[in-house]
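Before any comments, here is the structure.
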Amino acid sequence: MKLFEEPAPEALVVRVLPDQTGITKTFDYLVPPEWAGRVALGTRVRVQLGPRRVGAWVVDIDVEPPEGVALKPIAKISGQGPSGDVIGLAHWARWRWAARTPVPFLRTASPERMVTTLSSPGVRRHPVPPSDDDVIQGAFRRRPTVLRLPPAADVIPVVQAAASLGDPLVLCTSRSQSERVARRLDRAGVPTAHHPDGWGRAAAGGVAVVGTRAAVWATMPDLAAIVVLDEHDEVHQEERTPTWHLRDVALERARRAGVPCVLTSPMPSLEALEAAELVTLDRATERDGWPRVIVADRREEDLGRNALFSPALARLVRSDARVVCILNQKGRAVLLACGSCRDLARCTRCDASVQRPGDDHLVCRRCGDTRPVVCASCGSTQLKTVRMGVSRVRDDLEALAGEPVVEVTADRSDPVPDARLAIGTEAALHRIERADVVAFLDLDQELLATRYRAAEQALALVVRAARLVGGRHGSGRVLLQTRMPDHEVVQAALHGDPTLVSEAERIRRTDFRFPPVVAMAEVSGEAADAFAEQLRGAGHPQVDVVGPVDGRWRITAPDHERLCNALDAVERPPGRLRLVVDPTRS
DNA sequence: CGGACAAGCTGA
DNA sequence: CAGCTTGTCCGG
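First residue of the first sequence? That's 5 in the working numbering, and the numbers climb one at a time after it.
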């Protein structure tokens, strides 16, 4: 018989965050003593929450549970999860993009399939020497930096410079780019894990981690440097809320880890120039990495029906060069045509063109009559959208060239046609890999677009085109047809000098108070008015609430610190609310 | 999120 | 007032 009660051994209590959108609270659970060694920060567990079992992350270890709550034990240990530093980063990102919970970030940071077995750390076959290019290696000595490399430059030396420091995290714009980078690292003797499939090997350390946007959330115990390739590329921003940007997460992760972060781009965004120190090559080398640019002033051409074809273009399409023509026809009617008989889909009642709002029916633009998705002439159900602009121009171009011109669509299931002459929207720039000439038939469509980032986006298209044709010493050409030959985008392309755009942009954004001169957010949805009112009522100094315009409120502040703190302090009203920090289309 | 339970609406 | 819908709250 015991004289004294033995003190209960201090049971381990962990705080978990359920993997459910809509639950923002954390809950505390007991860890059975036999599992104590298997539970760490980030571990994926299952717990009984009220009437059901849910997946969850351990977000805090050894916590003081609230009083008067009977703790339940964890039901199951499911697998490994993000490390503590990544969980901290997720909490920061929740604040930075005004999300309700860090759950979306933790999901991105977690392996796709449960990881239960430990991988062994990677071992390098031989060390990677520092780059002998002083500009490149030097970019890793200051932090953070944005390294401006022209479109034709090879980024592999940058990746190798990062690998010379230890385990690098390399963020790419596409799966194909990350595969290319991984192959080159592998050849250099660096074991490489591709995110997310290589999650477990990344978490074991000793490897380079390569991937697209989501890979910035990879768990890496010995992270030594971060490289973001093509920082200016819009694929780096998530389009669904929270609209987080790879550049900002990479910079914050590097800052927290105390490691260098190098952003590369031929035309760094103003955001990057604000946050990082600019490192450039000498002027001549940079210029040589941009292609030869021909500017055709459309004001000087006679404005007949072929106004889209300058004499320079006519000469090129009649040569034996492989020419890709780009024509964006924003705001023009998209028509539907039968995939088999090519007849235009029209209203069977009034003959006007029809739209396809969903998958299952057609609606007349004029009389509103609806009918099933069937071709009225041949009965086929395969209707395709035709870009009226491109199709018309394709016919005209064919007449000019005297040979076939193929249309390149954005449709990934269509094969990329192998023809000397092609035409398409900007999607063609993503689908074709090489050309002798890329011709922008109407660059003014891009230059005059109303989005505040239009100029950067236009130059980004020229960069894409430049990659298809190569640098100045090759035979490639980019042809810009424009009525604004003095526009800074045209001049920047012509001289291979992106500073012309960033300087003009900085002035414009300062004058009109657009990012990154201010931090901006947009609020819409049924609860937007209530949210805006509360925010206004809170009277945060220097936080401006303007609107609503088309049901959208615009909130600006001098910086994200003030903007996000203000957004975070608002108690969310009930009802649907869309809150976008750093909106791009404005 | 999804279940529990409470407060409102309808029909006899 | 039963029977159902709609809303609000809560979970460890």
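For every residue, glycine included, the Cβ atom is placed at its ideal position computed from N, Cα and C.
Exercise for review: Drop a sphere of 10 angstroms on the beta-carbon of Gln-164, count the other beta-carbons inside from all chains shown, and report buried for 16 or more, exposed for fewer.
Suggested key: On the first sequence, residue 164 is found 160 positions in, with the first residue counted as 1. Counting Cβ neighbours within 10 Å, Gln-164 comes out buried, since at least 16 surround it.
Review point. Contact between the stretch 364-373 and the stretch 346-353: three or more CB pairs below 8 angstroms?
Key: yes
**Study point:** Identified DSSP bridge partners for Trp-557
**Key:** Sequence index remark: in the first sequence, residue 557 carries index 553 (1-based). Val-527.
Point to revise | Arg-513 versus Asp-237, Phe-313, Tyr-456, residue with shortest Cα-Cα distance | key: In the first sequence, residue 513 corresponds to position 509, counting from 1. Per the Cα distances, Tyr-456.
Check your understanding: How big is the Cα-Cα spacing for His-343 and Gln-386?
Key -> Here residue 343 refers to the residue found at position 339 of the first sequence. Here residue 386 refers to the residue found at position 382 of the first sequence. A small correction: the amino acid at residue 343 is Gly; His does not occupy that position in the sequence shown. One C-alpha to the other measures close to 5 angstroms.
Review point. With DSSP run on the structure shown, which of helix, strand or coil describes Trp-61?
Key: The residue you call residue 61 lines up with position 57 of the first sequence. Trp-61: strand per DSSP, three-state reduction.
Exercise for review: Grab the span of the alpha helix (DSSP H) containing Gln-495 for me, first residue to last.
Suggested key: In the first sequence, the residue the question calls residue 495 occupies position 491. Note, Gln-495: alpha helix (DSSP H), 492-499.
Review point. Do three or more CB pairs link the stretch 472-482 to the stretch 279-293 at distances below 8 angstroms?
Key: yes
Review point. Do the stretch 496-515 and the stretch 269-279 touch if we need at least three Cβ pairs shorter than 8 angstroms?
Key: yes
Review point. Among Ala-207, Ala-258, Thr-216, Ala-208, which one has its Cα closest to the Cα of Val-239?
Key: Translated into the one-based positions of the first sequence, residue 239 becomes position 235. Comparing Cα positions, the closest option is Thr-216.
Review point. Contact between the stretch 401-421 and the stretch 318-327: three or more CB pairs below 8 angstroms?
Key: yes
Point to revise | Beta-carbon separation (whole angstroms), Thr-268 vs Val-211, contact threshold 8 angstroms | key: Here residue 268 refers to the residue found at position 264 when the first sequence is read from its first residue. Here residue 211 refers to the residue found at position 207 when the first sequence is read from its first residue. Contact doesn't hold; Cβ gap of about 21 angstroms is too wide.
Check your understanding: Which parts of the stretch 376-439 are runs of the alpha helix (DSSP H), unbroken and 4 residues or longer, counting only runs that do not cross its ends?
Key -> 392-405, 431-435
Point to revise | As assigned by DSSP and simplified to three states, the class of Asp-234 | key: In the first sequence, counting from the first residue as 1, residue 234 sits at position 230. Residue state, collapsed to three classes: coil.
Exercise for review: Measure the CB-CB distance between His-198 and Val-213 and report whether it falls below 9 angstroms.
Suggested key: Counted from its first residue, the first sequence places residue 198 at position 194. Counted from its first residue, the first sequence places residue 213 at position 209. Contact flag set, yes.
Exercise for review: Classify Gly-335 as helix, strand or coil using the three-state DSSP reduction.
Suggested key: Translated into positions along the first sequence, residue 335 becomes position 331. Bear in mind that the predicted position of Gly-335 carries a pLDDT of just 45, short of 50, making it too unreliable to give a figure here.
Review point. Around the Cβ of Pro-264, are there at least 16 other Cβ atoms within 10 angstroms (buried) or fewer (exposed)?
Key: Looking up residue 264 in the first sequence gives position 260. Counting Cβ neighbours within 10 Å, Pro-264 comes out buried, since at least 16 surround it.
Practice item. Note down, in chain order, each residue of its chain lying with its Cβ closer than 6 angstroms to the Cβ of Leu-255, except the 5 sequence neighbours on either side. Key: Within the first sequence, numbered from 1, the residue matching residue 255 stands at position 251. Excluding residues within five positions, the ones whose Cβ falls inside 6 angstroms are Pro-148, Cys-265, Ala-279.
Point to revise | 8 angstroms CB neighbourhood of His-130 in its chain, flanking five on each side removed | key: Within the first sequence, residue 130 is the residue found at index 126, counting from 1. Around His-130: Gly-193.
Point to revise | Where Ile-78 falls: helix, strand or coil (DSSP) | key: For the purposes of this step, residue 78 is taken as residue 74 along the first sequence, with counting starting at 1. Reduced to three states, the DSSP call for Ile-78 is coil.
Review point. What residue does the alpha helix (DSSP H) around His-477 start on, and which one ends it?
Key: The residue given as residue 477 occupies position 473 in the first sequence. Neither: His-477 is in no alpha helix (DSSP H) and is coded neither H nor E.
**Study point:** Stretch pair the stretch 68-88 + the stretch 167-183: three plus CB contacts closer than 8 angstroms
**Key:** no
Review point. Closest to Met-224 by CA distance: which of Val-107, Ala-532, Pro-125 is it?
Key: Taking the first residue of the first sequence as 1, we reach residue 224 at position 220. Out of Val-107, Ala-532, Pro-125, Pro-125 has the C-alpha closest to the C-alpha of Met-224.
Review point. What first and last residue would you give for the beta strand (DSSP E) that runs through Arg-48?
Key: Mapped onto the first sequence, residue 48 falls at position 44. Note, Arg-48: beta strand (DSSP E), 48-53.
Review point. By Cβ distance, which residues of its chain are closer than 6 angstroms to Val-220, with the 5 residues on each side in sequence left out?
Key: Here residue 220 corresponds to residue number 216 of the first sequence, with the count starting at 1. Closer than 6 angstroms at Cβ, skipping near neighbours: Leu-175, Leu-250, Val-253, Ala-254.
Exercise for review: Kindly identify the DSSP beta-bridge partner or partners of Cys-342.
Suggested key: Start at 1 with the first residue of the first sequence, and residue 342 comes out as number 338. DSSP, once it has assigned bridges, lists Leu-387 as partnering Cys-342.
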